[in-house]
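Undergrad: Mapping the sequence shown onto the working numbering, position 66 (from 1) lands on 66, and the numbers just tick up by one.
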Amino acid sequence: MNIFYPNKMKKVIFVLLWIITIPVQFIAQQESTAPDGKKVLLNPDGSWKSVPAESSPAIHPTLMSHPEFPKPNPHDVIIHHVGYTLSYNPTYHIADWVAYELTAEETVPVVKRNNHFVPDPLLHSGSASNNDYKGSGYDRGHLAPSADMCYSYQTMVESFYLSNITPQTPSFNRGIWKKLEEQVRQWAVDDKAVLVVTGTILTKGLLTIGYDRITVPAYFYKVILDYTEPDIKGIGFIMPNQGSQEPLQHYAVTIDSVEKITGTDFFYQLPENQQRVIESTFDISKWSWTASKTRSAKEGNSQSVQCKGITKAGARCKNMTLNPNGYCHLHQSQAGVIQQQNNIVKPSSSRRTVPVRCSTITKKGTQCSRMTYSPNGKCWQHGGD
Numbered sequence: 001m002n003i004f005y006p007n008k009m010k011k012v013i014f015v016l017l018w019i020i021t022i023p024v025q026f027i028a029q030q031e032s033t034a035p036d037g038k039k040v041l042l043n044p045d046g047s048w049k050s051v052p053a054e055s056s057p058a059i060h061p062t063l064m065s066h067p068e069f070p071k072p073n074p075h076d077v078i079i080h081h082v083g084y085t086l087s088y089n090p091t092y093h094i095a096d097w098v099a100y101e102l103t104a105e106e107t108v109p110v111v112k113r114n115n116h117f118v119p120d121p122l123l124h125s126g127s128a129s130n131n132d133y134k135g136s137g138y139d140r141g142h143l144a145p146s147a148d149m150c151y152s153y154q155t156m157v158e159s160f161y162l163s164n165i166t167p168q169t170p171s172f173n174r175g176i177w178k179k180l181e182e183q184v185r186q187w188a189v190d191d192k193a194v195l196v197v198t199g200t201i202l203t204k205g206l207l208t209i210g211y212d213r214i215t216v217p218a219y220f221y222k223v224i225l226d227y228t229e230p231d232i233k234g235i236g237f238i239m240p241n242q243g244s245q246e247p248l249q250h251y252a253v254t255i256d257s258v259e260k261i262t263g264t265d266f267f268y269q270l271p272e273n274q275q276r277v278i279e280s281t282f283d284i285s286k287w288s289w290t291a292s293k294t295r296s297a298k299e300g301n302s303q304s305v306q307c308k309g310i311t312k313a314g315a316r317c318k319n320m321t322l323n324p325n326g327y328c329h330l331h332q333s334q335a336g337v338i339q340q341q342n343n344i345v346k347p348s349s350s351r352r353t354v355p356v357r358c359s360t361i362t363k364k365g366t367q368c369s370r371m372t373y374s375p376n377g378k379c380w381q382h383g384g385d
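Now the structure itself:
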């Protein structure tokens, strides 16, 4: 004989009704848009509640090795130097790109520009020669500028490898391109460090120069990534190989835009969600647009000397330096200790605070048009420092 317990039965019925009612109410809710544009959930009884807005994921740096390297082209030759890595295109006899990190410390000149263009010792075939440029009307334009590589003797030498050089019109190389290079160095100072990729846009049918048929790019590009908190950001530039009076902002584009034109996948080692956000947008207001015209160059020795620093292995550092304290950029901390111990006060610089026109007369019989801060009134090409 079955016995029913009224109180227990009531509880069972209540639970069943609760289970049935909840999904019905949930299914009956509909998403709609309020007059102010916000998303809301409408209930069957006419009540509603706001839908929390989805916030963009915070971008934080991820530790990885060499995030500045683009994805290599299988047909290119990848060459690793101390100051930069280069992707050489044997079909066009110039580089597709060079990539490196530039820190604020590395923008301070330690060695002088050597102006000695030589073949790349790590490129065994297809290298350009200086004769290819002779009489061509084109400058030997840097991809990784020598001023970005002024922090050691070795990196300065590497910047003049002809694998790092491309034919550029003089008005471009000495004008808008130089202005962009100076701006990137200022960003390295402002943001402590930036990742830089500089390259060429290469297509069939371009002009070539010299016996080695060095391709003359119609366009150049730079992409820059500030990968330090709090404001992680990226920006790209595409510029025609010709002079321009336009501001740099005129040539600013998203990194995605450069990828579409070049077929190169930049910063592919970043997490996918970060890469998508950084490369698809850029905000001009987040970048400073005043390049420093008076970089804090150190008054150097007249000749480079071997660094006085001691390595971790206990041997004397083999780097050469023009730094007046005799220590290369890697061992400035040791110089600070010595100065503190000896109570040495660093002398003030004798460089000019206002630039003057170079006083040298060129081969054409006209005064050199370059501006200089050198005490002797001469630019770097004519014996200034």
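We put the beta carbon where it would ideally sit given N, CA and C, even for glycine.
Please list the terminal residues of the continuous beta strand (DSSP E) segment that includes T198.
TA: Taken as a continuous stretch (DSSP letters only), the beta strand (DSSP E) holding T198 covers A193 to I201.
Undergrad: CB-CB under 6 Å to K222, same chain, minus the five flanking residues each way: which ones, in chain order?
TA: Cβ within range, chain order: T198 and F237.
Undergrad: Quick one: grab the DSSP three-state call for L122.
TA: In this structure, L122 counts as coil in the three-state DSSP scheme.
Undergrad: Which residue from I214, V184, A315 and A95 puts its Cα closest to that of D148?
TA: Selected option, being the one with the closest Cα: V184.
Undergrad: With DSSP run on the structure shown, which of helix, strand or coil describes P170?
TA: If DSSP states are grouped into helix, strand and coil, P170 belongs with the helices.
Undergrad: Can you name the residues that DSSP bridges to S87?
TA: BP columns for S87 point to I78 and W97.
Undergrad: Could you check where the beta strand (DSSP E) with V223 kicks off and where it finishes?
TA: V223 -> beta strand (DSSP E) spans Y219 to D226.
Undergrad: Quick check: Y151 and V118, are their CB atoms within less than 9 Å of each other?
TA: Their beta carbons are not under 9 Å apart, which means Y151 does not touch V118 by this criterion.
Undergrad: Per DSSP, what are the beta-bridge partners of G309 in this structure?
TA: BP columns for G309 are empty, so no partner.
Undergrad: If S129 sits next to A144, beta carbons under 8 Å apart, how far is it from one beta carbon to the other, in whole angstroms?
TA: At roughly 20 Å, the Cβ-Cβ gap does not stay under 8 Å, so S129 and A144 are not in contact.
Undergrad: May I ask you to report which of helix, strand or coil DSSP gives A147?
TA: Note: A147 maps to helix in three-state DSSP.
Undergrad: State buried or exposed for P74, treating a residue as buried only when at least 16 other CB atoms are found within 10 Å of its CB.
TA: Answer is exposed; the Cβ neighbour count stays below 16.
Undergrad: Rounding to the nearest angstrom, what Cα-Cα distance links P271 and V277 in this structure?
TA: Cα to Cα, the separation comes out at about 10 Å.
Undergrad: So with Cβ pairs under 9 Å, would you call I79 a contact of chain B?
TA: The displayed structure is made up of one protein chain only, and chain B is not part of it.
Undergrad: Could you spell out where the beta strand (DSSP E) holding I235 opens and where it closes?
TA: That run of the beta strand (DSSP E) goes K233 to P240.
Undergrad: What are the residues that DSSP puts in a beta bridge with H142?
TA: The partner list for H142 (beta bridge, DSSP) reads I165.
Undergrad: How should S127 be labelled, buried or exposed, when 16 other C-beta atoms within 10 angstroms of its C-beta is the threshold for buried?
TA: Burial call: buried.
Undergrad: Report the three-state DSSP secondary structure of Q245 (helix, strand or coil).
TA: Here Q245 sits in coil by DSSP.
Undergrad: Report yes if the C-beta distance between Q154 and V82 is below 9 Å; otherwise report no.
TA: Yes, Cβ-Cβ distance for Q154 and V82 is below 9 Å.
Undergrad: Which two residues bound the contiguous alpha helix (DSSP H) that contains R185?
TA: From DSSP, the alpha helix (DSSP H) with R185 extends over W177 to D190.
Undergrad: Three or more C-beta pairs under 8 Å: does that hold for the region 211–226 against the region 167–184?
TA: The answer is yes - the region 167–184 touches the region 211–226, with three or more Cβ pairs under 8 Å.
Undergrad: Give me, in chain order, the residues of the same chain whose beta-carbon lies closer than 8 Å to that of E101; leave out the 5 immediate sequence neighbours on both sides.
TA: Result list for E101: E68, A193, V194, L195 and V196, in chain order.
Undergrad: Among residues of its own chain, excluding the 5 on either side of D190, which ones have a beta-carbon nearer than 7 Å to its beta-carbon?
TA: Once the five neighbours on either side are set aside, the close Cβ partners of D190 are S288.
Undergrad: Nearest-angstrom Cα distance between Y227 and F282?
TA: Cα-Cα distance, rounded: 14 Å.
Undergrad: When DSSP labels each residue in this structure, what does R113 get in the three-state scheme?
TA: Looking at R113 - three-state DSSP - the assignment turns out to be coil, as it is neither helix nor strand.
Undergrad: Return the CA-CA distance between F267 and K308, expressed in angstroms with no decimal places.
TA: Cα to Cα, the separation comes out at about 38 Å.
Undergrad: Which residue marks the beginning of the alpha helix (DSSP H) containing Q274, and which one marks its end?
TA: From DSSP, the alpha helix (DSSP H) with Q274 extends over E272 to S280.
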